[in-house]
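Below is one structure, written out as structure tokens; comments come after it.
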Amino acid sequence: MVDLFLYLTPELLIILLASAAYVVAAWLGPARLWPWWALVTLACAAGALAVVSGMEGPEDTAAAAVRAVSYDSFAVTLRWLALASGLAIVAMAWYRAELATAGEYYASLVLLVAGLGLVAAANDLVLLFASLELISIPTYVLLYMERRDLEAREAAAKYFYLSVLASALFLFGAALAYGVTGSTNFRAMHELLLDPDRLSTSVPSLGPMAIGLLLAGVGFKMAAVPFHFYAGDVYQGTSNVMAAALSWFPKAAGLVAAVRVLVFALPGLEREVAWLSWVIAVATMTLGNTMALLQTNVRRLMAFSGVAHAGYMLVGLGAASLQAPPGAWFRGVDSLVLYLVSYALMTIGFFAVVELFGQNPGGRRIESIDDFAGLGQQAPLPAALATVLLISLIGLPFTLGFWGKLSVFYAAIATRDARYVVLAVIGLLNAAIGAFYYLRIIAYMYLRSGYGRVEYRAASPTFAVVVITAALTLLLGIWPRPVAQLAYRSATAVQGAFARQIPEHTRRHDVRRQVSTRPFRPTAVQAAVGAGHAAEY
Amino acid sequence: MSDSIFVQYIWLVPAVSLLAAVITAIAGNRWLKQQAWLPCMLAAAFGAVWSALALVVVAQADEPVAFVPVLEWLTVSDLRVAYELLVDPLSALMLFMVTFVGSLIVAFASWYMAHEEGYARFFSEVALFLFSMTSLVLVANLLMLYVFWELVGLCSYLLIGFYYTRPCAAAAAKKAFVVNRIGDFGFALGIFLIWVTCGTLSYRQVLAVDQGLQQLTAAGPAVLTTVCLLLFCGAVGKSAQFPLHVWLPDAMEGPTPVSALIHAATMVTAGVYMVARFTPLFAQAAGVGTVVLVIGCVTAFIAAFTALTQTDFKRILAYSTISQLGYMFMALGIGTVAGAVAAIFHVFTHAFFKALLFLGSGSVMHATGGELNVWRMGGLRKYLPVTHWTFLCAALALAGFPLLSGFWSKDAILATVWQASGAATQLAGAVGLITAALTAFYIGRAYFLVFWGEPRDRAIEEQVEHYVRDEAHGPPEPLIMKAPLIVLAVGSVLVGAVIALAFGGLVPFLAGAYGVEPLAHATAEHDAHGHAWGMMLLSAVVALAGLGLAYVFYGQPSPWPDRLAEQLAPLYRISVNKFWLDELGLILVVRPMLAIAAACRVLDNVLVDGLVHAVAAVPAWFARLALRPMHNGLVPFYALAMLLGLAVILTLVLFQIQGG
Amino acid sequence: MPVEFVRNYLIISSVLFSIGAAGFVARRNLITMFLSVELMLQGVALSLVAFGRAWGNYHGEVFALFVIAVAAAEAAIALALVLVLYRHRHSLDVFWWQQLREPGTTPPVPEPVEEAEVSTEVHWPKLPPAGIEPVREKETIDVG
Amino acid sequence: MVSIALVAAACSAAAFLLALPRGQIGTGRLIGYALGGVALLLIWLLLDAVPGRAGLTVITYLAGAFAIVAAFLMVTRRSPVASALWFAASVVSGAVLMFAAGAQFLGAATVIVYAGAVIVMFLFVIMLAQQEGWAPCDREAHEAPLAALTLLFLLVALLGAAARYRPAGPYVPKPQQQYVSSVAAIEQKPHTAGLGALLFSEHVVTIEVVGTLLLVAMVGAVVIAARRLIVPPPEDATNVG
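Heads up: the sequence lines are chains A, B, C and D, in that order. Quick note: to get the working numbering, add 12 to the position in the first sequence (first position is 1). Quick note: to get the working numbering, add 10 to the position in the second sequence (first position is 1). Quick note: to get the working numbering, add 3 to the position in the third sequence (first position is 1). Quick note: to get the working numbering, add 132 to the position in the fourth sequence (first position is 1).
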């Protein structure tokens, strides 16, 4: 049990420090100290994670299996991602120290990071559920604290009520999943369902219900149709910082939970996962993109853009589930990790741009897309960075967004399932529609003349977030290999017991000197290789 | 040949351009300032020299195809995207064309763009374009082809919108982008379909007779046809073919060197290059050749006809580009190696004279202070002698004046089309001939209106005189601007003849890219083609007739016809009875011409623009009508939607299981 | 435990869950809505207990225990939130909260007519000197 | 059995539709309650006798029926106070079911937490907020037909699945399997001891997390509900919105 706590040090550290902050905040009130406190907390957690990230599970495989956490690199990757995004969000929220409830505010903010980290590491339905709630409950409080007007109240109430409903759906699904398998531990569930001696008729009757309800639960977190309705209203009614947090933490947590539960823990139900994800993905992409076309409020627009992105993620999820029988499905998970990285960068980065212009009371704030007018001339550097992020959101080459979309659609096609090939085509069409509303923002920035003064602090942490996210989007877009290999490693880890040998060609080797002179007439052996598994692109 | 340093390090060509783009982007505004063109120029010149040497190596090799793996770019499980380059006669020739013409245009632009806002930005973007275009030509798999395909589109978007403060430039940029997206959508689908069927995207496997082709054929004739049609869809967008040609005339909003480089000489030929590259596929696909042929024909004819009535100097040239691209697709539509070779031959010669025409128009624009209406110009030959003579060379080449380069390549296309069997090709050949006449006529018209006669507009005349006299601008035709024009003019005059006569045509050279078997086939065809003297004569006559008619219509005020008229008075009365000639012209030519032009415009505006807008408008309409009312802000309603959706899904799941 | 036992419990918990869900949709009172969700959770807990007995292990009960704990935490937030919302509108009606919606849509249900007297906590604009646009007073005291 | 489930679902949905508050009291409401009775009988038909456990069978029938009836009344009664009390009744009968299943600890916890703490708090809030009696919002249901349709579909799906449920029975792990401890039957241990053993071994991290959740909820409730003075942001400082 010691190793368990050791492994979870980063999250437990955050929880500990946040609890302490809750207590201290009652006396301290607003102080400049709080953002620094949040920074130190996350830094400590990062240090701890750096120490434990290489940690292996206990030697005894039986004991390791029933641990509530999994010691795989999928978890570690996502915990790093959670920490990094948490840092970005804290940097965006740097000037909230004036809030009367600053201590509670920052403590709740860092708890989101702990929640996502625990979701990523969870190997047990119960812990997964509790960790999802560790994201939800601070979010309710944060939504309330962010703005103190009627709109914010309404946003908080809407999110709370619908989120509680979605939790109930998720819980019933989890209960049925337990009823089908007899355990709450993912590894155990996986093994038990695959055990031929234990095949029972409860799986066909309750299993699909469990899948449907669980998908509804995670669908709400991801803002998938028809569980997306809150998104537009809540994003609009809250601040840019919270919109960024909402568009990242619950969405990522929902997707990770779906990967762990739907793809890994419940083998044998891939058919249901696949066709439900297909239907929901089509509806989600289409609704997200078409609704975003109509929007003028920038946060509302980004909410529907987030809905569309949830649709692309669901494509990957369905592909991931479809590729079982075991040993073959990791391509989908792979693409999902890649997509999550790209999505985190571009979404948080874009919200940071919007937030950047709201930080100076004298300057123009960005509320509707009209407010982007003239930024290209008035603030060339932020506008250029925003353009990079938007291009990534469109999914044009040489940005990370392109590789994210490519890998997801690739995974869909790799299933060789006709429906998923069609789904990839629908996804491409949607990406084309999506280009319109992102391009509209770029057009406003460069082709319209702005009104009013534009001010931003170039020395602010928010600007650092913008610069770093845009730079990473571009650099990793040009050279995506590190993140692709990271995704590949993580995905291979998720399949746990079915770890396949990493194919030869993914290892680093120098191909530069080998110059082939072969025209289009391959030998028989090469033809066989080409037709076989080692396809080359 | 692969051990040759010029082949092995061919990746230096795009790499150096990329480096130049980065350097200019970073250092351009701050340190380089008016020298910002230098990195781009050096990169282009380096590329030209290197690729010329590579071309020589390729030409001398026995086995002229080499795959050069450069680096592995992305590895996601078994998806492998390698930046692998393919050096073969086809890519080497295209590479040389891009870098050579590119370096000349960059040199011209260094003069033309001086004193413009965003000088460094311009060259940074041009260098980026050179990187993308050279990579597009060189890459050896479809995914990378798509990547660079999009990237040249992006560069084009950026450069058309170079004067982004002008609303029309912005609108043109957006139009180009969106129209290209439509084509690219089909292109992406085609690539996906190839991947699904063949399991690979590498050229060497897709084009291998016993692999990709076999798999595509085995999957049923419909698959191969669909793949080819979808690929062609991409080419239609990028190479501005009917009905997606509408973006190219608008793209003239960009700076003139950009029009010369991207929208005339290089980028728009990417579609031709791609179809030529996949000729083995297209040759096997039933019916696709006819589609390509018909689209090419229609484009060539419509664009040439539209060019007849244009008054905007650059737009005349733009429509001429579209028309010439149509020629190339006509040749590709034959679906044989000989057709592809003829198309590439025309791409090559066209690059020279079209770039030159645009650069000439740039020089004219500078002199006239940005005037583009040909009816307000006139008599410029005495002010801009170098521009005039070089423009004349290019115009004659375009018109297909005998023995100039355009003559050879156009004749190659017409002969190939004519000799292919089938009624459609015969008809296409006829259309090609008519179009050739129209081409000669409209380019003659533009030439005569701009350079001959007397200035028609006092203000323009003053502007030009001021421009020529005023030394503050520097000399009207400095060396840095003259040199590219003269080099291109020499090219326009000689390239075709050199290739056709000295090397016996491109067929034996380019056929190496298609393997041995097609080579034999193609050489046989070439022999047949070698005797197409009749066609040569016919096209020469047609070209001369067109030019002559243009002269009769628009060349009058010059002293030449006057002197002629004095000596041959009776002839004068008949031939220069302007009144009824004009009347006849009005009835026989101008009226139908205007009608057709108007029809073309309606087609552009209603059909194609409508299509473009529909991409966004239909979903938006749907959302406004059906989806928007659902987001009514009411928590119970949202919950209802959630639960009802879920309940329906659960019920469906239940009954699906009961049923099966 | 025999099959019949688990099935009985499953049926009862399904009915509770469904009634709770329907109640959440149909009722307009914020408190009744929340109680409906609690009813759904009660159904979940019941099925967890039944499954736990069916499999003969304690995972189900542990899960149910945590469900109750989390439900209590949510209840605390809910009560605070309901109080605040009530202070703003002097009503527990959820229809009061539909200002955030798709622009240009008319709500299918009109905002309820307020029966009680107008809230005294609304800040009216202060009377400014002539010629200056009235400025709404900055909200310094949190009315919620 | 599935067909009975379908009919029961239809009856429940119709009863729900008729019994929902709609302006004034009418005969529809009474018909609704009558239909609800029919639905209950049908649900009873779905239940089976547990062989060899007569006492458990009777308790299941009675407490189950009462839980369902109370739940039905909770969502259809106008007065929020009545709703809260019916909710308490439903929870208590649910607790009885838990006792009957041998989950004494959980049953007790449910009664203490729900019927004890949560309901008292709710009644407190209701009294605070709504002293006048029925508000207009309690007299009118929202989208009653669609809500009834939701109930219909949900019941069809869930009852349909439950009616076809055939579990495999307790799992006897094979010695070579790795996941023995996770699924092994621990009936041998006394109830609370077994629960505690599992709670503090496998689920110890979850306890930490849920403890944190309770703390966050408490602090959050204070932050949300407290009428606190807000320090107005200084003019040069950034906005907080």
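Every residue, glycine too, gets a C-beta built ideally from N, C-alpha and C.
Excluding the 5 residues flanking it on each side, alanine 60 of chain A has same chain C-beta neighbours closer than 8 Å at Thr21, Pro22, Leu25, in chain order. For valine 87 of chain C, the number of other beta carbons within 10 angstroms of its own is at least 16, and it is reported as buried. Under the DSSP assignment, tyrosine 171 of chain A falls in the alpha helix (DSSP H) whose first and last residues are 162 to 193.
Short of 7 Å from the beta carbon of phenylalanine 184 of chain A, and not among the five residues preceding or following it, lie these beta carbons of its own chain, in chain order: Leu225. Within its own chain, the residues whose Cβ lies closer than 6 Å to the Cβ of alanine 145 of chain D, once the five positions on either side in sequence are excluded, are Ala280, Leu283, Leu284, listed in chain order.
DSSP places aspartate 245 of chain A in the uninterrupted alpha helix (DSSP H) bounded by 242 to 249. Annotated as distal: proline 150 of chain A and serine 179 of chain A, with beta-carbon spacing of 8 Å or more. Ranking B:Leu367, B:Glu82, B:Thr175 by CA distance to the CA of serine 330 of chain B puts B:Leu367 first.
Following the DSSP letters along the chain, one finds serine 145 of chain B inside the alpha helix (DSSP H) bounded by residues 129 to 148.
Per DSSP, the unbroken alpha helix (DSSP H) holding lysine 364 of chain B starts and ends at 347 to 378. Residue pairing of leucine 402 of chain A in beta bridges, as defined by DSSP: absent, with no partner found. Under the DSSP assignment, leucine 303 of chain B falls in the alpha helix (DSSP H) whose first and last residues are 298 to 319. The count of Cβ pairs closer than 8 Å, one atom from the stretch 243 to 251 of chain B and one from the stretch 191 to 200 of chain B, reaches three, so the stretches are in contact. Under a criterion of Cβ atoms nearer than 8 Å, the residues of chain A adjacent to valine 73 of chain C are, in order, Phe141, Ala142, Glu145, Ser179.
The beta-carbon distance between glycine 328 of chain A and glycine 344 of chain A, rounded to whole angstroms, is 5 Å. This is short enough to meet the 8 Å contact definition. Taking 8 Å as the CB threshold, proline 646 of chain B lines the interface with chain D.
Under the rule that a run must span 4 or more residues, the alpha helix (DSSP H) segments found entirely inside the stretch 143 to 199 of chain B read 152 to 170. In this structure, glycine 416 of chain A lies away from serine 333 of chain A, with their beta-carbon atoms at least 8 Å apart. Taking every protein chain shown into account, the CB of tryptophan 41 of chain B has fewer than 16 other CB atoms within 10 angstroms, so this residue is exposed. An exposed status is given to methionine 259 of chain D, since fewer than 16 other beta-carbon atoms sit within 10 Å of its beta-carbon. In this structure, DSSP gives proline 212 of chain D a helical state, which the three-state scheme calls helix. With respect to the C-alpha of serine 549 of chain B, the residue from B:Asp421, B:Gly432, B:Ser61, B:Leu240 having the closest C-alpha is B:Asp421.
Between glycine 336 of chain B and tyrosine 351 of chain A, the alpha-carbon positions lie close to 41 Å from each other. Spatial neighbours of phenylalanine 363 of chain B in its own chain (CB-CB distance under 7 Å, excluding positions within 5 residues in sequence) are listed in chain order as Ala404, Ala407, Leu408, Ser415, Gly416, Ser502.
Here the stretch 478 to 491 of chain A does not lie against the stretch 205 to 220 of chain B, with fewer than 3 beta-carbon pairs under 8 Å apart.
Fully contained in the stretch 245 to 279 of chain B are the following alpha helix (DSSP H) runs of length 4 or more, in chain order: 257 to 260, 266 to 270. Per DSSP, reduced to three states, the secondary structure at leucine 96 of chain B is strand.
When secondary structure is reduced to three states using DSSP, arginine 154 of chain D falls in the strand class. Residue contact with chain B for threonine 208 of chain D: absent (no Cβ-Cβ distance below 8 Å to any residue of chain B). Flagged as an interface residue toward chain A: phenylalanine 66 of chain C, by a C-beta distance shorter than 8 Å. Lysine 170 of chain A counts as buried, since no fewer than 16 other beta carbons sit within 10 angstroms of its beta carbon. When Cβ-Cβ separations below 8 Å define contact, alanine 37 of chain B makes no contact with chain D. Listed in chain order, the non-local C-beta contacts of alanine 505 of chain A below 7 Å within the same chain comprise Asp84, Ser85, Phe86, local neighbours out to five positions each way being set aside.
Per the coordinates, the alpha-carbon of glycine 169 of chain D lies some 44 Å from the alpha-carbon of leucine 155 of chain A. Counting only runs of at least 3 residues, the stretch 92 to 140 of chain A fully encloses no beta strand (DSSP E) element at all. At a cut-off of 8 Å, the C-beta of threonine 108 of chain C has a neighbouring C-beta in chain B.
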